[in-house]
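Protein chains in written order, with this note's numbering: chain L, 1 to 132; chain W, 133 to 271; chain B, 272 to 408. Beta carbons are placed, not taken as given, at the ideal position from N, Cα and C, and that holds for glycine. All remarks here apply to the structure that follows.
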Amino acid sequence: MPLSTQDKLEIIELAARYSMTIDQRMGEEWADCFAEDGLLISGNGNRVEGRAAFIEHMRKAKASGKQVRHWGCNHIVEGEGDTARLRMYLMAVDIGNGIAPYVMGDYDDTVVKVNGKWKFKVRRVNFSAGGI
Amino acid sequence: MELSASDEFEIIELVSRYNYAIDHRRAEEWADVFSPDGELWADGKLRAGGRPALVEHIHKAERTGKKIRHWPCNPVIEGKDDQARLRMYVLAYDITDGIRPQILAEYDDELVKLDGHWKFKVRRVSACGGDWPVHVQSK
Amino acid sequence: MELASRYNHAIDHRHAEDWADLFTDDGKFMAYGECRAQGRAQLVAYIHKAAAAGHKSRHWTSNAVIEGDGATARLKLYVMAIDISEGIRPYIMGEYDDSLVKVGGGWKFKERNVTLCAGKSWTQGGLTQHGVTARET
Chain L
1 MPLSTQDKLE
11 IIELAARYSM
21 TIDQRMGEEW
31 ADCFAEDGLL
41 ISGNGNRVEG
51 RAAFIEHMRK
61 AKASGKQVRH
71 WGCNHIVEGE
81 GDTARLRMYL
91 MAVDIGNGIA
101 PYVMGDYDDT
111 VVKVNGKWKF
121 KVRRVNFSAG
131 GI
Chain W
133 MELSASDEFE
143 IIELVSRYNY
153 AIDHRRAEEW
163 ADVFSPDGEL
173 WADGKLRAGG
183 RPALVEHIHK
193 AERTGKKIRH
203 WPCNPVIEGK
213 DDQARLRMYV
223 LAYDITDGIR
233 PQILAEYDDE
243 LVKLDGHWKF
253 KVRRVSACGG
263 DWPVHVQSK
Chain B
272 MELASRYNHA
282 IDHRHAEDWA
292 DLFTDDGKFM
302 AYGECRAQGR
312 AQLVAYIHKA
322 AAAGHKSRHW
332 TSNAVIEGDG
342 ATARLKLYVM
352 AIDISEGIRP
362 YIMGEYDDSL
372 VKVGGGWKFK
382 ERNVTLCAGK
392 SWTQGGLTQH
402 GVTARET
């Protein structure tokens, strides 16, 4: 069954929650955006896998003191039934001192529906400019 | 009743209309996206409440002579029946001369559905980077 | 709105055929009051020309307003083009005002019309490699 408009909206909103929770350094809520066996492959090749690792990753990000905001745009959602592919753009902005974009990238994600809710199974980002 | 996909689309489009109207200094059109008793709060202070004050807010912005463009992102919508909460980011650019990021902020809004149309009841914006445009600073 | 996203992905990754697919057969791309390309062959050539210019950019769109019926629609959007050849630098900000039609169950651009609010496009020398207005921000 092709994805409904409702499914597509939920997936786009999942990406928004991902950005908001990462920016607020909310480890539990950020981990909630992923499936149990979720995997994040960062633009620098770093892999973060599984709930405990996500929470630890966020704890480290918080400890770094870096203040950032993630911007998403140009969502394309394709899929059927309980599996979807999400492609979108990312711009990460450092707001510690003024407003300075430091990364631009493209996401190419696998999203799955678990107990009626969409979650990232694999979130993969390629940096097209800048870096971390 | 849970919000439908078309409720969510309508709310996202209301944000677009808000931004077009504020950026092109169309005061009446901007006031139309609020309920008659609608309020705009910035960093915990009431900047404009009720239609005449909302219209005046845009006239004031126009008098600064600045050209601004509002870029929204990351909408998260929750609610039911005729009430909703919208959280989102905004990045405003000053484009008076070149393209310069002015302010990065977050909204946490209350919306109501009046006669079948979504409107902002309370729009609350908090700065997280950069500076407020002049017309907001000077209040 | 997804059509607009596909447009941005295709133009930024220089996928000329995919980009042309988003227009009707007689689809037209208008920029700043001038016709830049009309019909499939010219649309494909436009992307090849952009690819040959060698710069890397990303198109961001936001603030969609859609009006219309089941067969035709008008789409308004903000657009910002960001130069990522060196650093991350917005070099143009503009607005789309597009006519869309539904063809065989899917939406296509009949006419895409962009007007400028700030900056300069790559064809007008708004990019570093093309000299003149570099570093205006």
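Using a C-beta to C-beta distance shorter than 8 Å, which residues of chain L count as neighbours of Val208 (chain W)? Here the neighbours are Glu13, Ala16, Arg17 and Met20.
Met301 (chain B) versus chain W: which residues are under 9 Å apart at the beta carbon? Here the premise fails: no neighbours, minimum Cβ distance about 20 Å.
Near-chain B residues of the stretch 231 to 242 of chain W (beta-carbon distance less than 9 Å), N- to C-terminal order: Residues of the stretch 231 to 242 of chain W with a Cβ closer than 9 Å to any Cβ of chain B, in chain order: Ile231, Arg232 and Pro233.
Classify Val125 (chain L): buried if its beta carbon has 16 or more other beta carbons within 10 angstroms, exposed otherwise. By the Cβ neighbour-count rule, Val125 (chain L) is buried, with 16 or more other Cβ atoms within 10 Å of its own.
Are the C-beta atoms of Gly262 (chain W) and some chain L residue less than 8 Å apart? In terms of beta-carbon proximity, Gly262 (chain W) lines the interface with chain L, with at least one pair separated by less than 8 Å.
Run of the alpha helix (DSSP H) containing Ala174 (chain W), from where it starts to where it stops: For Ala174 (chain W), there is no enclosing alpha helix (DSSP H); the residue is found in the beta strand (DSSP E) stretching over Phe166 to Ala174.
Checking 8 Å against the spacing of the C-beta atoms, do Ile132 (chain L) and Leu236 (chain W) come in under that value? With a cutoff of 8 Å on beta-carbon distance, Ile132 (chain L) and Leu236 (chain W) are scored as not near each other.
Considering only the alpha carbon of each residue, which of L:Gly43, L:Leu9, L:Glu56 and L:Arg47 lies closest to Glu29 (chain L)? Residue L:Glu56 holds the alpha-carbon nearest to the alpha-carbon of Glu29 (chain L) among L:Gly43, L:Leu9, L:Glu56 and L:Arg47.
Excluding the 5 residues flanking Lys271 (chain W) on each side, which residues of the same chain have their C-beta closer than 8 Å to its C-beta? In this prediction, Lys271 (chain W) has a pLDDT of 46, which is less than 50 and means its spatial position is unreliable; what the coordinates show is noted afterwards. Within the same chain, and ignoring the five residues on either side of Lys271 (chain W) in sequence, the residues whose Cβ sits closer than 8 Å to its Cβ are Lys177 and Arg179.
Determine which residues share a DSSP beta bridge with Ser333 (chain B) and list them. DSSP lists B:Tyr349 as partners of Ser333 (chain B).
Excluding the five sequence neighbours on either side, which residues of its own chain have a C-beta within less than 6 Å of the C-beta of Asp108 (chain L), listed in chain order? Correct list, in chain order: Arg87 and Arg124.
Distance CB(Gly298 (chain B))-CB(Lys373 (chain B)) smaller than 8 Å: Against a cut-off of 8 Å, the Cβ pair of Lys373 (chain B) and Gly298 (chain B) comes out as no contact.
Are Lys253 (chain W) and Met133 (chain W) closer than 8 Å when you measure CB to CB? Contact flag unset, no.
Neighbour flag for Leu223 (chain W) against chain L, beta carbons, 8 Å: Output row for Leu223 (chain W): interface = yes.
In its own chain, which residues sit with a C-beta less than 6 Å from the C-beta of Thr228 (chain W), not counting the 5 before and 5 after it? Closer than 6 Å at the Cβ level, and outside the excluded window around Thr228 (chain W), lie Lys198 and Lys199.
Own chain, CB closer than 7 Å to Val126 (chain W), minus 5 neighbours either side, in chain order: No answer is possible for residue 126 (chain W): it lies beyond the span of chain W, which begins at 133 and ends at 271.
Have a look at the DSSP bridge pairing and note the partners of Arg232 (chain W). DSSP output for Arg232 (chain W) lists W:Asp226 as bridge partner(s).
Along the stretch 310 to 343 of chain B, where does the CB come closer than 8 Å to a CB of chain W? Name the residues. So the list reads Trp331, Ser333, Asn334, Ala335, Val336 and Ile337, given in the order they occur along the chain.
To be precise: take each residue of the stretch 147 to 174 of chain W, compare its Cβ to all Cβ atoms of chain B, and keep it if any distance is under 7 Å. Which residues remain? Listed by position along the chain: Ser148, Arg149, Asn151 and Tyr152.
Which of helix, strand or coil does DSSP assign to Lys66 (chain L)? If DSSP states are grouped into helix, strand and coil, Lys66 (chain L) belongs with coil.
Just checking my contact of Met104 (chain L) with Ile282 (chain B) at CB under 8 Å: how many whole Å lie between their CB atoms? The pair is not a contact, with the Cβ atoms about 15 Å apart (cut-off 8 Å).
Using 10 angstroms around the beta-carbon of Pro184 (chain W), count the other beta-carbons present and answer buried if the total reaches 16, otherwise exposed. Pro184 (chain W) sits exposed, since fewer than 16 C-beta atoms from the chains shown fall within 10 Å of its C-beta.
Output the boundary residues of the beta strand (DSSP E) element that contains Met133 (chain W). In the DSSP assignment, Met133 (chain W) falls outside any beta strand (DSSP E) and carries neither an H nor an E.
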